[in-house]
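J.: Chains as they are written, first to last, in numbering that gives the first Met the number 0: chain A, 0 to 435; chain B, 0 to 301; chain C, 0 to 280.
Virtual Cβ for every residue (Gly too), placed ideally from N, Cα, C.
Source: prediction; values computed, not measured.
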Amino acid sequence: MKKRSAAVAVFAAAALVLSGCSAAQTESGEHTITFMGWGSDTEIAVFNDMIAQYEDKYPDVKVDYITVPAADFQTKLQTMIASNKTPDVFYLAPENVMPFASSGIIADLSDYVDNNDLFDPANVWQKAIDMYRYDGTTPGKGAVYGLPKDIGPFALAYNKDLFDAAGVTAPDPESPWTWDEFVAAAKKLTNGTGDDKVYGSAPYSLESAVWSNGGDWLNADHTKVTVTDPKFTEALQWVADLSLKEGVVPTSEEESSLPSFQRFMDGKVAMMGVGPWNQGGFWADAKFNWDLMPWPVSPATGERAVWYGGIGFGVANSSKDKEDASNLAAFLAFNEDAQRTNMEQGQAVPNLIDMAKNEYLTSDKAPANKEEFIRIIEDYGRRATQTYTYNSEWFGLFNSNLASVWTGEQTAEEYAASVQDEMQQMLDDGIAEQTK
Amino acid sequence: MTTMTTRRTQSMRRRERFWGLLFVTPIGLQVVLFCIVPIGIAVVAGFTNWNVIKGTYDFIGLDNFFEFLTDKYFWTAAGNTVFMLIPIPFYLFFGILFAIGSHRGTPGNQVFRILFFLPYISSVVALVVMWKWLFNYQYGLVNQLLAGIGIQGPDWLGDPAWIKTTIVIMIIWKMIGITSIYVLAALKNIPEVYYEAARLDGASPIRMFFQITLPMLSPAIFFLTIVGIIGSLQTFVEVQLFTSDGGRNYSAATITYYIWQKAFVSNELGLAFATAIFFALVILGVTLIQFRMSRRWVYEGE
Amino acid sequence: MARTNTAARRTGTTVSFLLMLAGGVTMVLPFLWMLSTSLKQSNLVFGPPEWIPDPVDWANYAEIWDAAPLATGLLNSAIVTVLVVVVGTFSSTMAAFAFAKLDFPHKRAIFVALLATIMIPLVVLILPQFLVYAQIGWLDTLLPLIVPGLLGNVTMIFFLRQYMLGIATELMEAAKIDGAGFFRIYWSIFLPLCKPAIAANVIIVFMATWNDYLGPLIFTSSPENSTVQLVIASLNSYYAEQTDFPLIMAASIVAVLPVVILFTITQKYFVESFAFTGIKG
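#1: Using the rule of at least 16 other Cβ atoms within 10 Å of the residue's Cβ for burial, across every protein chain shown, is A:Pro-366 buried or exposed?
#2: Give me, in chain order, the residues of the same chain whose beta-carbon lies closer than 6 Å to that of A:Gly-407; leave out the 5 immediate sequence neighbours on both sides.
#3: Do you know offhand how far A:Ala-283's Cα is from A:Lys-364's?
#4: Tell me the DSSP secondary structure of A:Arg-339 in three-state form.
#5: With a threshold of 9 Å between beta carbons, is B:Thr-286 in contact with chain C?
#6: For chain B, check one thing: does any of its Cβ atoms lie closer than 9 Å to the Cβ of C:Gly-180?
#7: Cβ closer than 9 Å: which chain F residues qualify as neighbours of A:Thr-74?
#8: Taking the continuous beta strand (DSSP E) assigned at A:Ile-437, which residues delimit it?
#9: Using a Cβ-Cβ distance cut-off of 9 Å, determine whether A:Asn-259 contacts chain B.
#10: Between A:Ile-375, A:Asn-398 and A:Leu-327, which has its C-alpha nearest A:Lys-61's C-alpha?
#11: Can you look up A:Thr-250 in the DSSP assignment and give me helix, strand or coil?
#12: Just confirm the distance between the C-beta atoms of C:Met-33 and C:Ser-221, as a whole number of angstroms; I'd bet it's less than 8 Å.
#13: Do the CB positions of A:Tyr-387 and A:Pro-138 come within less than 9 Å of each other?
#14: Over what stretch of residues does the beta strand (DSSP E) that includes A:Trp-289 continue unbroken?
#15: Round the Cβ separation of A:Asp-149 and A:Ala-347 to the nearest angstrom and send it over; I've been treating them as touching at under 8 Å.
#16: Given B:Trp-161, which residues of its chain have a CB within under 7 Å of its CB, disregarding the five upstream and five downstream residues?
#17: Do the segment 19-39 of chain B and the segment 242-249 of chain B meet, that is, are 3 or more Cβ pairs less than 8 Å apart?
#18: Taking Cβ-Cβ distances shorter than 7 Å, what residues in chain B pair up with C:Thr-80?
#19: For a test of the three-state rule: what should DSSP assign to A:Ile-105, helix, strand or coil?
#20: Contact check, C:Thr-116 vs B:Val-30 under 8 Å by CB: the rounded distance?
#21: Determine the DSSP secondary structure at A:Asp-113, reduced to helix, strand or coil.
#22: Helix, strand or coil for A:Phe-158? Go by DSSP, reduced to three states.
#23: Scan the segment 104-128 of chain C for residues whose Cβ lies nearer than 8 Å to a Cβ of chain B and list them as they occur along the chain.
#24: Got a sec: is the Cβ-Cβ distance from C:Arg-9 to anything in chain B below 9 Å?
#25: Residues in the same chain with beta-carbon distance under 8 Å from B:Gln-137, minus the five sequence neighbours each way, listed in chain order, please.
#26: What are the start and end residues of the alpha helix (DSSP H) that includes A:Val-418?
#27: Just list the residues that DSSP pairs A:Gly-313 with in beta bridges.
#28: Taking all protein chains shown into account, do 16 or more other C-beta atoms lie within 10 angstroms of the C-beta of B:Asn-79, making it buried, or fewer, making it exposed?
#29: Could you check where the beta strand (DSSP E) with B:Tyr-119 kicks off and where it finishes?
#30: Are the C-beta atoms of B:Leu-136 and some chain C residue less than 9 Å apart?
#31: Have a look at A:Thr-41, A:Ser-82, A:Ala-154 and A:Glu-370 and flag the residue whose alpha-carbon is nearest the alpha-carbon of C:Trp-137.
#32: Below 8 Å CB to CB, which residues in the same chain sit around A:Lys-286 once its five sequence neighbours on both sides are set aside?
#33: Considering only residues of the same chain and omitting the five flanking positions on each side of B:Ala-304, which have a CB-CB separation below 7 Å?
#34: Cβ closer than 9 Å: which chain B residues qualify as neighbours of C:Trp-32?
#35: Which residue comes first and which comes last in the beta strand (DSSP E) that contains A:Val-348?
#36: If I measure Cβ to Cβ from B:Ala-98 and keep anything under 7 Å in the same chain, skipping five residues before and after, which residues do I get?
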């Protein structure tokens with residue numbers, strides 16, 4: 000008796016579940032494409048809006064939007080690719096363009112870019128599209144394999160109120176500070192103890208320091224590791240000393256206890272690197288006035304530099320609905336209304352140049368110096384070095400024990416010397432993979 | 000007379016065989032479909048250089064095996080993995096202790112049992128987030144309490160010297176409850192009669208513990224040790240959630256983490272599978288040795 | 000002599016109680032802290048620890064239902080877990096009985112094979128399993144999480160076998176003489192005798208299934224098919240800097256609550272007086 004009712008219950012439940020699986024019957028003529036990405040709830044909400052707009056425009060197509068936590072995205076994507084279930088459209092990181100393109104996973108969109116009625120390639124940031132170009136040997140040139148979700152310049156933000164209180168004036172966009180002036184200002188801004196401590200700056204962008212100083216992780220054609228170059232180690236040591244010697248930046252342990260981002264929001268850090276994606280959060284939660292300033296220049300070279308990043312939309316080569324998938328990618332990347340939504344939510348600088356230079360610049364929301372974002376895109380921003388190589392294992396290695404420099408256990412030179420050979424080995428392995 | 004008994008015995012034996020096999024069919028199916036087949040794929044893949052992204056593979060013989068055996072990260076992970084065995088004696092000890100206390104009918108028993116179980120029933124994701132917060136260098140409860148008695152707590156999560164210890168502490172904490180439940184179930188199976196007889200003989204509680212309780216618990220302890228070792232050696236989720244890269248200097252990565260990295264991060268599936276095969280054989284070996292040794296000290300009721 | 004014994008017993012009980020108290024506090028402290036954190040406003044979490052939040056903010060508990068598909072997650076987890084536990088327990092106990100008390104060809108070999116499977120690192124079975132599921136169309140459904148579990152749980156089989164080995168075989172002989180079939184023996188005699196052990200294992204399988212994170216992560220993709228663990232993980236924002244601790248704590252409490260309540264209700268039944276009495280003595 001118990002047996003039978005248990006069995007019935009099981010079968011009923013199983014039937015329920017199984018029927019749920021086949022409930023995705025679509026009406027004739029309609030088909031579904033899958034789109035996979037990650038994001039905070041705000042981003043996801045914005046995407047849901049944009050997808051709704053897309054479905055309105057293309058009533059025959061339904062979009063199945065799959066979100067995965069960012070940290071698991073790579074794993075998930077790889078398993079899906081391995082079993083021939085690549086999503087039609089998915090987040091494509093610039094560093095994946097080379098391996099994916101040479102393995103035939105992502106579709107070549109160059110024709111689409113030139114012959115579509117959704118956008119005009121001339122009205123899109125050149126550098127944004129270039130992140131997804133690959134000509135078979137060098138990334139950044141050649142066929143287009145992805146459309147940019149956004150281009151994210153990393154700018155230096157500062158807390159105006161803290162500046163005023165300490166009597167510090169932010170530099171003019173055209174006359175940035177030198178490193179020494181930066182440190183002097185940071186020292187003025189650093190005060191207090193314990194829970195009231197205010198730090199002059201968040202940990203400094205290593206890219207900005209290294210590139211400004213004329214150094215880089217790799218040489219120009221990305222075949223040799225150059226971290227032992229004095230220009231590199233000098234910059235690395237300077238960044239570490241901001242905390243170790245000058246005391247204007249939180250220590251490594253403090254940083255891992257409470258990220259500077261939170262400290263900045265609490266008004267306990269005066270300067271910090273931010274991207275356009277932070278705008279929305281700042282508008283909502285920042286209880287102080289803030290603005291952007293130009294990145295400081297290295298006293299050795301008088302140059303400044305910083306990175307820009309981004310994520311793109313790739314279309315699967317195995318997709319059965321390439322046209323629709325490409326349309327979705329283009330829609331999400333360039334559709335005017337979608338871009339406007341993105342901009343108004345404080346998620347990004349528009350991909351469309353005219354919108355960026357007109358509507359965005361004239362909007363009266365913070366920051367006042369939004370041109371800094373545009374300046375970085377057009378002028379002194381660079382693509383991260385590790386996105387140029389077939390894989391970034393060498394970079395991962397560099398970072399794995401970088402903390403020993405931040406804590407002062409090793410000097411920059413000692414550390415660079417200790418990892419140089421292994422990094423080179425990994426880089427060589429990656430190049431070997433690429434040319435296989 | 001004899002023929003009839005023989006026939007009946009034969010038919011009974013046949014029935015026994017039938018039912019025996021029938022009863023193990025479900026689990027057998029599970030093992031074949033969801034274990035053996037995938038293992039088959041994995042074993043074959045261990046001898047190739049399967050690239051998931053490209054979809055190519057060539058047979059490269061034992062190359063993968065040489066590669067991980069000469070990889071210093073593998074050996075670091077191996078050391079870390081052995082470290083993960085440390086929780087076992089601790090939670091066994093406390094688990095037995097609390098099971099006995101519970102069995103004795105200590106006041107407040109029911110409540111304690113629920114409390115002891117809390118760590119085990121919580122989602123690992125939430126536990127790790129909570130634990131990370133507890134052991135936060137500046138604001139975590141642990142370091143704040145330590146500061147209160149004048150000790151500067153270490154950087155539990157960042158310092159390579161401490162991260163493993165933090166994970167181990169969390170595992171001990173998590174496993175005490177479930178261990179005590181197992182032991183409690185086993186304790187309840189010890190006939191009270193034995194204790195009565197011993198008491199009549201004038202045995203002290205300590206003597207009774209070592210002469211009756213422990214031996215009667217030995218099957219349960221054996222089980223817990225085997226499962227504990229197999230499980231601890233495969234520690235993975237905690238490492239993955241606590242650190243994003245195996246810890247500074249690879250100080251927390253276990254072998255399973257190494258395998259996962261090779262498979263899903265570096266995309267070297269062949270290498271990952273080869274390492275996994277090797278590791279599985281090691282675990283199998285350890286377990287077989289334990290079985291052999293168990294004949295000496297595990298009591299099996301007839 | 001009686002006096003010494005009672006005194007000794009009382010000391011024993013007191014010591015026992017203090018130990019249990021210390022243990023209990025250690026177990027529950029982090030949870031109280033979790034509860035306390037969940038009631039704080041997001042930005043007030045960093046700072047000196049306060050046990051009683053000021054102000055007490057229940058907003059998080061409302062927010063979690065919007066921030067993530069928590070309700071669906073709970074439902075999916077429930078479906079998977081109940082099915083696996085109910086049906087899987089039958090499959091497991093049957094197999095354990097067979098291994099412990101029956102004789103059949105290749106018994107030792109099959110058992111060793113089962114044992115061997117526990118040792119395969121799960122993380123590596125997942126990729127080939129994914130490929131298998133992809134071929135048969137089970138991806139992004141709950142099936143990969145349910146079906147294997149229906150067929151039994153090796154750990155449970157192992158423990159129950161050990162437990163059953165400790166039960167006298169004379170019982171079975173007696174039943175056989177009475178003409179009972181093997182299924183009857185299993186169902187009416189051994190199952191009831193193993194109740195404490197089965198109960199303990201049921202709880203464990205329940206928890207393992209409920210808490211499974213890797214499986215749902217790899218095999219399901221749509222939010223409608225997520226289990227509660229995935230939902231909690233997704234509350235970690237994209238940018239690690241913006242992790243909203245109180246929100247995650249609140250979601251975790253909600254995820255843990257049903258299980259805690261279930262355990263509280265059933266633990267009495269499970270762990271209490273089903274002690275085996277008599278035949279052995």
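T.: Taking the definition as stated:
#1: On the first sequence, position 367 is the one that residue 366 of chain A refers to. Buried is the label assigned to A:Pro-366, since at least 16 other Cβ atoms lie within 10 Å of its Cβ.
#2: Counting from one through the first sequence, the residue named residue 407 of chain A turns up at place 408. Sequence-distant partners of A:Gly-407 (beyond 5 residues in either direction) whose C-beta falls short of 6 Å from its own C-beta, in its chain, are Leu-243.
#3: The residue you call residue 283 of chain A lines up with position 284 of the first sequence. The residue you call residue 364 of chain A lines up with position 365 of the first sequence. Going by the C-alpha atoms only, they are around 11 Å apart.
#4: As a first step, residue 339 of chain A must be located in the first sequence, where it is residue number 340. A:Arg-339 sits in a helix when the DSSP states are folded into three classes.
#5: In the second sequence, residue 286 of chain B corresponds to position 287, counting from 1. Taking Cβ atoms only, chain C reaches closer than 9 Å to B:Thr-286, which makes this a yes.
#6: In the third sequence, counting from the first residue as 1, residue 180 of chain C sits at position 181. Cβ-Cβ to chain B under 9 Å: yes for C:Gly-180.
#7: Here the protein chains are A, B and C, and chain F is not one of them.
#8: Residue 437 of chain A is absent from the structure shown; chain A starts at 0 and stops at 435.
#9: Your numbering for residue 259 of chain A matches position 260 in the first sequence. Note that residue 259 of chain A is Ser in the sequence shown here, rather than Asn. Interface criterion not met: the Cβ of A:Ser-259 is under 9 Å from no Cβ in chain B.
#10: Reading the first sequence from its first residue, position 62 is the one you call residue 61 of chain A. Cα-wise, what sits closest to A:Lys-61 is A:Leu-327.
#11: Indexing the first sequence from 1 puts residue 250 of chain A at position 251. Coil at A:Thr-250, not helix or strand.
#12: If you number the third sequence from 1, residue 33 of chain C lands on position 34. If you number the third sequence from 1, residue 221 of chain C lands on position 222. In this structure, C:Met-33 and C:Ser-221 do not form a Cβ contact; the two beta carbons are roughly 29 Å apart against a cut-off of 8 Å.
#13: Position 388 of the first sequence, counting from 1, holds the residue named residue 387 of chain A. Position 139 of the first sequence, counting from 1, holds the residue named residue 138 of chain A. Contact: yes.
#14: As a working mapping, residue 289 of chain A is identified with position 290 in the first sequence. First-last of the beta strand (DSSP E) with A:Trp-289: 289-292.
#15: Translated into the one-based positions of the first sequence, residue 149 of chain A becomes position 150. Translated into the one-based positions of the first sequence, residue 347 of chain A becomes position 348. About 4 Å; that satisfies the 8 Å criterion.
#16: Taking the first residue of the second sequence as position 1, residue 161 of chain B is located at position 162. So the list reads Pro-153, Asp-154 and Trp-155, once near-sequence residues are dropped.
#17: Counting Cβ pairs under 8 Å, fewer than three are found: no touch.
#18: Counted from its first residue, the third sequence places residue 80 of chain C at position 81. Simply none; closest approach about 12 Å.
#19: If you number the first sequence from 1, residue 105 of chain A lands on position 106. A:Ile-105 falls in the strand class under three-state DSSP.
#20: Counting from one through the third sequence, the residue named residue 116 of chain C turns up at place 117. Counting from one through the second sequence, the residue named residue 30 of chain B turns up at place 31. Sure, about 6 Å apart at Cβ, within 8 Å.
#21: One-based indexing of the first sequence puts residue 113 of chain A at position 114. Note: A:Asp-113 maps to helix in three-state DSSP.
#22: Looking up residue 158 of chain A in the first sequence gives position 159. The question names Phe, but residue 158 of chain A is Asn in the sequence shown. Under the three-state reduction of DSSP output, A:Asn-158 falls in the strand class.
#23: Taking 8 Å as the cut-off between beta carbons, the residues of the segment 104-128 of chain C near chain B are Pro-104, Lys-106, Ile-109, Ala-112, Leu-113, Leu-114, Ala-115, Thr-116, Ile-117, Met-118, Ile-119, Pro-120, Leu-121, Val-122, Val-123, Leu-124, Leu-126, Pro-127 and Gln-128, in sequence order.
#24: Taking the third sequence and counting its residues from 1, the one referred to as residue 9 of chain C is at position 10. C:Arg-9 has a beta carbon lying at 9 Å or more from every beta carbon in chain B.
#25: Locating residue 137 of chain B in the second sequence gives position 138, counting from the first residue. Cβ neighbours of B:Gln-137 beyond the five flanking positions: none.
#26: Numbered from its first residue, the first sequence carries residue 418 of chain A at position 419. Per DSSP, A:Val-418 is one residue of the alpha helix (DSSP H) stretching across 411-433.
#27: The residue you call residue 313 of chain A lines up with position 314 of the first sequence. According to DSSP, residue pairing for A:Gly-313 in a beta bridge involves A:Phe-89 and A:Gly-145.
#28: Numbered from its first residue, the second sequence carries residue 79 of chain B at position 80. So B:Asn-79 ends up on the buried side.
#29: Locating residue 119 of chain B in the second sequence gives position 120, where the first residue counts as 1. Here B:Tyr-119 belongs to no beta strand (DSSP E); instead the alpha helix (DSSP H) covers 108-120.
#30: On the second sequence, position 137 is the one that residue 136 of chain B refers to. For the sequence presented, residue 136 of chain B should be read as Tyr rather than Leu. Output row for B:Tyr-136: interface = no.
#31: Mapped onto the third sequence, residue 137 of chain C falls at position 138. Out of A:Thr-41, A:Ser-82, A:Ala-154 and A:Glu-370, A:Ser-82 has the C-alpha closest to the C-alpha of C:Trp-137.
#32: The count along the first sequence starts at 1 and reaches residue 286 of chain A at position 287. The residues are Gly-266.
#33: Here chain B covers residues 0 to 301 and nothing more, so residue 304 of chain B does not appear.
#34: Walking along the third sequence from the start, residue 32 of chain C turns up at place 33. Residues of chain B passing the Cβ test: Met-129, Trp-132, Leu-133 and Leu-140.
#35: Position 349 of the first sequence holds residue 348 of chain A. Taken as a continuous stretch (DSSP letters only), A:Val-348 belongs to no beta strand (DSSP E), as it is neither H nor E.
#36: The count along the second sequence starts at 1 and reaches residue 98 of chain B at position 99. Within the same chain, and ignoring the five residues on either side of B:Ala-98 in sequence, the residues whose Cβ sits closer than 7 Å to its Cβ are Ser-179, Val-182, Leu-183 and Leu-186.
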